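The structure is reproduced here in structure tokens:
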């Protein structure tokens with residue numbers, strides 16, 4: 001059964017307690033968002049997620065989207081849910097107040113995103129893509145376009161898409177073919193086909209605003225010849241109501257592994273009118289600005305699904321009676337003990353829990369930096385925040401979605417045979433989670449971004465924003481009475497990360513393939529250390545709270561134990577990936593292609 | 001006739017004459033500088049005196065030291081021409097007018113001793129014309145010595161002798177110019193423009209013509225005609241700005257009037273209206289109101305370039321579009337690049353190389369002379385024939401032929417062959433007889449490059465190598481980028497010590513590069529700092545200390561032979577050598593404070609030891625420490641080897657070699673002279689001023705701070721430096737061992753390394769090349 005209750009206590013912990021000393025806080029611009037206000041927003045978001053979106057998750061999966069006569073229909077209930085969602089102001093949560101948004105801090109927004117993704121990943125894409133679109137328009141479009149489109153998009157009245165992929169090119173966008181021909185009135189006519197367009201067509205909003213990558217007639221070949229265009233489904237009339245159809249048609253909707261309630265469309269543009277966003281041939285820059293913020297959000301999707309899968313597994317592990325505990329009967333009145341008594345089930349549940357808490361702690365840290373990047377007044381803080389975000393974006397995207405999938409998979413395992421049956425609801429998590437490892441840049445691409453771009457930039461300056469706090473934390477707490485061992489383990493893993501970093505920097509300079517061959521493991525090692533740092537820090541805080549005396553002893557004790565489990569059972573993986581990195585590309589690249 | 005030159009007279013105190021006089025003085029030889037008596041004013045020596053005064057303020061400085069300036073005696077040709085009788089060489093550097101020169105020679109003939117060489121610095125007038133009307137005796141003593149501007153820094157000297165010139169007189173001048181003045185002599189025939197300027201002018205003219213004809217911007221042209229060809233990045237237009245745009249018509253007039261009628265220069269010599277307009281309005285380049293480039297101070301020091309089409313200045317563009325960089329130094333790929341890049345590259349390179357090839361043997365005896373002239377006179381990385389080898393002589397000939405242009409004989413002679421080859425470890429060139437001949441280095445010239453052609457390294461890793469340079473002497477070479485020092489260098493030193501002690505008699509630390517060493521590899525260090533790998537940094541510091549002390553106490557003499565930049569760790573290794581043989585152009589210093597650090601490889605102790613043994617240093621622990629503090633806290637760098645002695649980076653008896661090519665040989669001789677009875681130095685013990693001295697040094701630094709000459713963070717860094725130099729916790733009565741001082745140095749260094757403001761300084765230096773004053 002799909003069970004979900006927003007982990008509000010942990011969210012408040014990572015927002016208000018864990019990262020207070022990260023130097024990204026106390027932003028004057030965000031002063032009005034007091035802890036009380038933030039908590040209230042989170043509680044309201046939890047209600048929407050649990051009460052409005054969760055009930056539609058499985059039905060949406062079963063029913064899916066349909067395409068009839070060129071019209072895409074979302075599953076039953078989605079339209080009403082979207083209406084409620086929009087009216088509640090949830091579409092506009094993190095947008096700039098100038099365009100009617102509520103200007104909520106990213107740190108809070110990312111928590112609400114997590115809840116929405118936990119409750120209904122398919123649904124999350126509709127407002128999510130709109131938000132991505134508004135980011136690009138805000139950053140790069142002309143004032144005229146901004147004035148006209150942003151208010152409607154921010155409010156959720158109109159939705160947005162990102163049209164990048166074509167049938168022959170995904171990762172390698174330099175090959176794309178859609179063309180844009182300038183018109184006398186300053187607009188362009190776009191012609192071409194796009195695939196894999198999430199929310200490309202649906203019945204939730206009165207208009208859809210596509211952001212389309214295309215080539216100008218005189219554009220140079222490759223990625224330096226790509227421009228970004230705004231192309232509405234219906235050409236708006238001057239009064240802002242949707243006008244005539246703009247030549248955008250749906251050729252098909254994809255039949256996918258999961259995420260079935262999200263309409264993934266093949267779109268055809270035929271002489272569709274569009275307007276240039278940003279400078280000619282600089283489309284990728286604009287697209288990547290948006291994509292970078294989207295990548296953190298996709299990471300949060302992984303976490304969201306992971307949390308729902310974990311809770312559903314816990315529910316089942318307590319409910320399902322099977323076998324007896326090896327340490328003596330725990331449920332004498334029943335025919336068997338609940339399976340949560342079994343060590344292997346515990347192993348799975350603790351793993352899932354540790355992954356989720358570790359990722360959530362990182363999510364809060366990175367999104368605090370997103371806020372500082374935007375609002376900090378001290379240029380040094382701003383720079384450090386930018387560096388940190390740049391470094392951690394690929395880590396968040398790939399680590400969270402890898403672990404989210406792994407966690408969903410474990411949930412199926414906890415359910416046993418029943419997990420493999422659709423009615424249990426947990427196999428949907430596996431199918432839904434799978435896409436997050438692929439879209440917005442596959443996790444392999446994320447790893448290359450980390451190793452090839454982020455690691456060497458400015459002689460490793462981005463790394464400093466992460467390595468220095470971890471190093472200082474280790475030095476400050478090395479001899480800690482209670483946590484000495486934990487810090488030692490963190491130090492060891494951190495040492496492996498330092499060594500790997502230096503090795504990759506050195507080898508990669510001489511032979512880029514060496515860097516690329518180590519990339520995925522290196523990203524994982526970074527993630528493992530980041531989680532270890534956050535969880536060790538959590539443990540220290542929990543210990544202090546317990547020593548001071550608290551009414552929430554249960555929460556902090558659980559936190560402590562989860563951290564301990566992570567150090568006992570998960571962090572040792574750091575040694576394994578370290579060894580893999582050290583091995584180099586040798587055997588990986590040795591075979592001739594014909595030998596495969 | 002005296003066979004050595006003990007005193008020189010330079011007549012003509014313009015930029016060239018004065019600069020030549022300064023370089024004579026830099027060699028430690030007294031020099032008389034004369035010019036005419038000014039028409040106005042009472043001081044009859046005003047012109048020569050003014051020239052010396054001006055040179056003392058010029059940067060880069062013509063004098064290597066104050067002491068050198070004192071060797072120049074000034075005067076005028078009316079009252080002091082008799083001084084010529086005291087001189088062994090008279091250099092005439094007056095205005096380029098035949099009548100004036102001839103008049104002067106007539107007067108000289110009356111006062112000079114027989115056997116005193118007279119040479120003209122003319123760049124345009126044939127020797128035969130100059131000596132017209134002079135006696136045979138005068139003709140025997142006469143030759144042309146053509147220096148390049150600025151005479152201290154440009155290594156080329158073209159020498160032209162006439163049919164009557166006495167070989168002994170020419171030999172005396174050549175030896176002095178080479179050994180004492182540090183010039184590399186290239187023999188040229190008595191033809192207009194000699195070698196370098198003849199080719200250089202042709203090259204510039206082609207570059208200007210093609211840029212105008214093709215409608216290129218000056219940035220585009222220079223981006224192609226600079227780095228991608230191994231030519232300084234000034235390219236064509238930047239070079240013309242540098243030498244003076246107004247010089248162009250003069251050169252052109254001179255060459256067109258003197259070159260034979262069939263010389264290809266006549267076909268390309270033309271004037272461009274824009275250039276004429278610029279000259280007439282005073283836009284003569286860097287010395288004038290601006291040139292093809294300028295810095296517009298009214299617009300916040302905006303860098304501007306001239307639009308060749310409109311003649312208006314506009315902002316200099318950095319996005320130059322396609323340049324020749326894509327060819328990555330492959331000349332064939334460069335001239336074959338499609339579009340403007342390849343077209344422009346071929347226009348100037350094809351034309352210039354063909355022109356240069358046709359000058360052997362009419363203007364130069366062999367290809368080596370042509371290549372040396374362009375490398376030393378125009379700072380080209382490769383000479384024309386070396387470039388032809390990279391392009392392919394046959395390719396060049398074929399393409400010229402296909403375009404209906406004449407193919408120089410020497411290209412036909414080469415055929416499929418190259419002009420240079422390496423045979424049995426020896427570099428050889430193609431002679432006019434069609435055979436290869438060894439490139440012969442003058443006596444006393446030893447190049448590591450030649451050693452490397454003939455042998456394999458004894459040891460080698462990514463950053464250093466060890467070579468056998470003969471007679472039982474090994475040579476430690478740095479090989480990294482900018483010869484930066486890192487763990488690999490230290491590792492190789494540690495490996496080299498037992499090898500040298502068992503198989504060699506001495507070691508020199510030397511390399512052929514322009515910069516001896518820019519110091520520790522800061523990029524590597526910054527990366528390590530960014531990932532908080534402090535342990536690695538400490539290992540690097542300790543490893544360097546150990547390696548340098550290993551050299552110091554090795555059972556064989558070690559001679560450092562630096563040239564050019566030797567700063568930070570590159571200076572510290574010199575401080576650990578038994579002796580130094582330095583090139584006169586040595587820019588050395590301990591610059592660590594500039595990046596928020598202190599010397600970490602034993603430099604502090606060595607400098608204190610140096611200072612306390614320096615002559616004239618007052619006794620007691622404080623004066624030596626204060627002197628070192630002053631030099632190191634301000635990151636002072638010497639501007640010559642002579643100055644490095646004043647700053648105590650060199651010892652009084654360390655040697656100075658004027659000619660860069662002779663440095664390795666001289667260093668080797670110095671090392672060999674130390675072999676007999678060599679015993680490593682005793683480890684010093686220090687008596688340091690301790691806390692009291694530390695406070696005094698801090699007060700001195702505060703003085704700088706108050707005058708706005710030091711920043712807050714400078715105070716932190718200089719405090720750390722003072723801590724080490726005064727011995728930390730040491731008390732006046734304690735002695736501090738070398739090892740204890742090293743430990744203090746290391747600990748203090750490691751403290752600074754963790755400071756965010758130090759990281760900011762290092763980062764800024766690496767990203768911008770300039771120090772951050774935080």
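Residue numbers (the UniProt record's numbering), protein chains in the order written: chain Z, 1 to 596; chain G, 1 to 774.
C-beta: ideal position from N, C-alpha, C; glycine also.
This structure is a prediction, so every number in the text was calculated from the model and none was measured.
Cβ neighbour criterion (16 or more within 10 Å) applied to residue i
i             : result
residue 131/Z : buried
residue 440/G : exposed
residue 406/G : exposed
residue 587/Z : exposed
residue 162/Z : buried
residue 624/Z : Because chain Z spans 1 through 596 in this model, residue 624/Z falls outside it and cannot be assessed.
residue 76/Z  : exposed
residue 3/G   : exposed
residue 319/G : For residue 319/G, the predicted model reports a pLDDT of 48, less than 50, meaning its position is unreliable; a value from the coordinates is still stated below. So residue 319/G ends up on the exposed side.
residue 596/Z : exposed
Residue range of the unbroken alpha helix (DSSP H) whose run includes residue i
i             : result
residue 319/Z : 283 to 319
residue 504/Z : 484 to 510
residue 516/G : Looking at the DSSP string, residue 516/G is not in any alpha helix (DSSP H), and its letter there is neither H nor E.
residue 571/G : 569 to 575
CB contact flag (residue i, residue j, <7 Å)
i             : j             : result
residue 589/G : residue 634/G : no
residue 227/Z : residue 283/Z : yes
residue 854/G : residue 187/G : Residue 854/G lies beyond the residue range present for chain G, which begins at 1 and ends at 774; the question has no answer from this structure.
residue 94/G  : residue 108/G : no
residue 566/G : residue 583/G : no
residue 243/Z : residue 235/Z : yes
residue 112/Z : residue 293/Z : no
The beta strand (DSSP E) enclosing residue i, as first and last residue numbers
i             : result
residue 161/G : 156 to 161
residue 264/Z : 264 to 277
residue 580/G : 579 to 583
residue 669/G : Counting along the chain, residue 669/G falls outside any beta strand (DSSP E), though it belongs to the alpha helix (DSSP H) covering 663 to 675.
residue 158/Z : 158 to 163
residue 645/G : Per DSSP, residue 645/G belongs to no beta strand (DSSP E); it is in the alpha helix (DSSP H), 641 to 646.
Closer than 6 Å: residue i CB and nearest the ligand SAH heavy atom
i             : result
residue 613/G : As far as ligands go, the structure on display features none, and thus does not contain the ligand SAH.
Whole-angstrom C-beta distance between residue j and residue i, which should lie under 8 Å
i             : j             : result
residue 604/Z : residue 45/Z  : Nothing about residue 604/Z can be reported from this structure: the residues present for chain Z run from 1 to 596 only.
residue 508/G : residue 559/G : 5 Å
residue 49/G  : residue 74/G  : 5 Å
Next on the checklist: Does the contact criterion of 3 or more C-beta pairs under 8 Å hold for the stretch 517 to 527 of chain Z versus the stretch 434 to 450 of chain Z?
Outcome noted: Per the Cβ contact rule, the stretch 517 to 527 of chain Z is in contact with the stretch 434 to 450 of chain Z (3 or more Cβ pairs under 8 Å).
Checklist entry - Touching or not, the stretch 87 to 107 of chain Z and the stretch 33 to 52 of chain Z, by the rule of three or more beta carbon pairs under 8 Å? => result The stretch 87 to 107 of chain Z, when compared against the stretch 33 to 52 of chain Z, does touch it at the 8 Å Cβ threshold.
Next on the checklist: Across the stretch 192 to 210 of chain Z and the stretch 255 to 265 of chain Z, are there enough close Cβ pairs to call them in contact, namely three or more that are closer than 8 Å?
Outcome noted: The stretch 192 to 210 of chain Z is in contact with the stretch 255 to 265 of chain Z.
Next on the checklist: Taking 8 Å as the cut-off, does the stretch 600 to 612 of chain G touch the stretch 622 to 632 of chain G (at least 3 CB pairs, one atom from each stretch)?
Outcome noted: Judged by Cβ distances under 8 Å, the stretch 622 to 632 of chain G makes contact with the stretch 600 to 612 of chain G, as three or more pairs qualify.
Item to check | Validate contact between the stretch 510 to 518 of chain Z and the stretch 563 to 571 of chain Z using beta carbons, cut 8 Å, 3 pairs | outcome: With contact defined as three or more Cβ pairs closer than 8 Å, the stretch 510 to 518 of chain Z and the stretch 563 to 571 of chain Z are not in contact.
Checklist entry - Using 8 Å as the Cβ pair cut-off and three pairs as the minimum, do the stretch 99 to 116 of chain G and the stretch 54 to 62 of chain G touch? => result A contact is defined here as three or more CB-CB pairs under 8 Å, and the stretch 99 to 116 of chain G fails this definition with respect to the stretch 54 to 62 of chain G.
Checklist entry - Hey, is the stretch 326 to 338 of chain G in contact with the stretch 389 to 409 of chain G, meaning 3+ C-beta pairs nearer than 8 Å? => result Because the criterion of three Cβ pairs below 8 Å is met, the stretch 326 to 338 of chain G and the stretch 389 to 409 of chain G touch.
Next on the checklist: Any contact between the stretch 459 to 470 of chain G and the stretch 394 to 401 of chain G? By contact I mean 3 or more CB pairs, one from each, below 8 Å.
Outcome noted: As far as the Cβ criterion goes, the stretch 459 to 470 of chain G does not touch the stretch 394 to 401 of chain G, which means the pair count is below three.
Checklist entry - Taking one C-beta from the stretch 346 to 358 of chain Z and one from the stretch 403 to 414 of chain Z each time, how about it: are there three or more such pairs within less than 8 Å? => result Verdict: yes, contact present.
Checklist entry - Does the stretch 473 to 491 of chain G touch the stretch 530 to 549 of chain G, meaning 3 or more C-beta pairs lie closer than 8 Å? => result Judged by Cβ distances under 8 Å, the stretch 530 to 549 of chain G makes contact with the stretch 473 to 491 of chain G, as three or more pairs qualify.
Checklist entry - Does the stretch 322 to 335 of chain Z come close enough to the stretch 419 to 426 of chain Z that 3 or more CB-CB pairs lie under 8 Å? => result Touching, no.
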